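Chemist:
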Amino acid sequence: MRLVILGGPGAGKGTQAEKLCSNVSIPLLALGDILRAEIAGETDLGKFAVPYVEKGELVPDEILIKFIGRRLLLWDVFNGWVLEGYPRTAFQAEELDFLLNDLAQQLDWAIWLKVPIEVLLSRSIDRARSDDHPEILQRRLDLFHERTIPLLEYYEYRNKLLTVNGDQSPEQVQQELLKLIEAKG
Ligand code: AMP
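Residue numbering for the sequence shown follows full-length UniProt numbering, starting at 1 and increasing by one per position.
Structure below.
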């Protein structure tokens, strides 16, 4: 199974992706976590990404597309994956489709964790992380609206979008998510 998880900052993407991966036994690729690890390890990608991640800006598409292109070739994700935090732009989504096409693979679903904006805001404020200062938070929300919301249309048009109510307890969200995936086969 190949899935991407979409949602705003504070939508619960990380939590749901982790639960899903352990429930269906497939590996998780969480872009934010990968980038933070690359930054901590001071790798080339990490050094490049620092100024973007620190300001809550998106790391440029070209770099991440190249990274994902190489990462999806590794054996551990040959039989499936959950991508969390990627794609975040229409360009990344298109490039992911091209890549999968080249690999003769297909995305099964894009899961949209739908959460009202005021809930996203209060959840994000509660979450203390260095990149969660108010102005950075606002920037991440703005970028989410500008860049990520259009992805919903991209996947909807391709009949790939599954919408889950993300404004429930994490357990309820996961149950709804699993039921939807099962019902869709
Ligand atoms: P996250 O933990 O998923 O919110 O990601 C933390 C930060 O990593 C974001 O604020 C961006 O700076 C960067 N990032 C993560 N995923 C992407 C992506 N798909 N495209 C561009 N930048 C990203």
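Think of the CB as a built atom: it goes at the ideal place given N, C-alpha and C, for glycine as much as any other residue. Please read all numbers here as calculations on a predicted model, not as lab measurements.
#1: Would you kindly work out how many angstroms separate the C-alpha atoms of Ile181 and Pro170, rounded to a whole number?
#2: For the ligand AMP, I want to know if Pro87 counts as a neighbour, meaning its beta carbon is within less than 7 Å of at least one of the ligand's heavy atoms.
#3: Note down the Cα distance separating Tyr155 from Thr43, rounded to an integer number of angstroms.
#4: Look at the alpha carbon of Ile34 and the alpha carbon of Gln168, and state the distance between them as a whole number of angstroms.
#5: Measure the C-alpha to C-alpha separation of Asp76 and Leu178 and round it to an integer number of angstroms.
#6: Tell me whether Ile26 sits in a helix, a strand or coil according to DSSP, three-state version.
#7: Thinking C-alpha only, which one of Ala110, Asp102, Val82, Val4 is nearest Ser25?
#8: Answer yes or no: the CB of Leu74 versus the heavy atoms of the ligand AMP, is any distance below 7 Å?
#9: In terms of alpha-carbon separation, which member of Arg147, Ser124, Thr148, Pro150 lies closest to Gln138?
#10: Please name the residue, chosen from Pro9, Phe48, Gly80, Lys66, that lies closest to Leu29 on a Cα-to-Cα basis.
#11: Under DSSP, the alpha helix (DSSP H) around Lys184 begins and ends at which residues?
#12: Flag this pair as touching only if the stretch 88 to 100 and the stretch 112 to 122 have three or more C-beta atom pairs under 8 Å; answer yes or no.
#13: Where do the ends of the beta strand (DSSP E) carrying Glu84 lie?
#14: Near Val59, which residues of its chain fall below 6 Å by C-beta distance, leaving aside the five closest residues on each side in sequence?
#15: Can you find the residues in the same chain that come closer than 8 Å, C-beta to C-beta, to Ile63, ignoring five residues on each side of it along the sequence?
Modeler: The short version:
#1: Numbered from 1 along the sequence shown, position 181 holds the residue referred to as residue 181. Numbered from 1 along the sequence shown, position 170 holds the residue referred to as residue 170. Approximately 17 Å between the Cα atoms of the pair.
#2: Here residue 87 refers to the residue found at position 87 when the sequence shown is read from its first residue. Within the cutoff, so yes.
#3: Translated into the one-based positions of the sequence shown, residue 155 becomes position 155. Translated into the one-based positions of the sequence shown, residue 43 becomes position 43. Their backbone Cα atoms lie some 33 Å apart in a straight line.
#4: Reading the sequence shown from its first residue, position 34 is the one you call residue 34. Reading the sequence shown from its first residue, position 168 is the one you call residue 168. Computed Cα separation, rounded: 27 Å.
#5: In the sequence shown, residue 76 corresponds to position 76, counting from 1. In the sequence shown, residue 178 corresponds to position 178, counting from 1. When rounded, the distance between both Cα atoms is 23 Å.
#6: The residue you call residue 26 lines up with position 26 of the sequence shown. The answer is coil: DSSP assigns Ile26 none of H, G, I, E or B.
#7: For the purposes of this step, residue 25 is identified with residue 25 of the sequence shown, where counting begins at 1. If we check each option's Cα against that of Ser25, Val82 comes out closest.
#8: Working through the sequence shown from its first residue, we reach residue 74 at position 74. No, the ligand AMP has no heavy atom inside 7 Å of this Cβ.
#9: The residue you call residue 138 lines up with position 138 of the sequence shown. Closest option to Gln138, Cα to Cα, is Ser124.
#10: Here residue 29 refers to the residue found at position 29 when the sequence shown is read from its first residue. When each option's Cα is compared against that of Leu29, the closest is Gly80.
#11: The count along the sequence shown starts at 1 and reaches residue 184 at position 184. Under the DSSP assignment, Lys184 falls in the alpha helix (DSSP H) whose first and last residues are 170 to 184.
#12: Using a C-beta cut-off of 8 Å, the stretch 88 to 100 makes no contact with the stretch 112 to 122, since fewer than three inter-stretch Cβ pairs fall below that distance.
#13: For the purposes of this step, residue 84 is taken as the residue at position 84 of the sequence shown. Residue range 81 to 84 is occupied by the beta strand (DSSP E) that includes Glu84.
#14: Position 59 of the sequence shown, counted from the first residue, corresponds to residue 59. Residues of the same chain with a CB within less than 6 Å of the CB of Val59, apart from the 5 flanking positions on each side, are Ala49, Tyr52 in chain order.
#15: Locating residue 63 in the sequence shown gives position 63, where the first residue counts as 1. Take Ile63, set aside five residues on each side of it, and the residues of its chain with a beta-carbon closer than 8 Å to its own are Leu45, Phe48, Ala49, in chain order.
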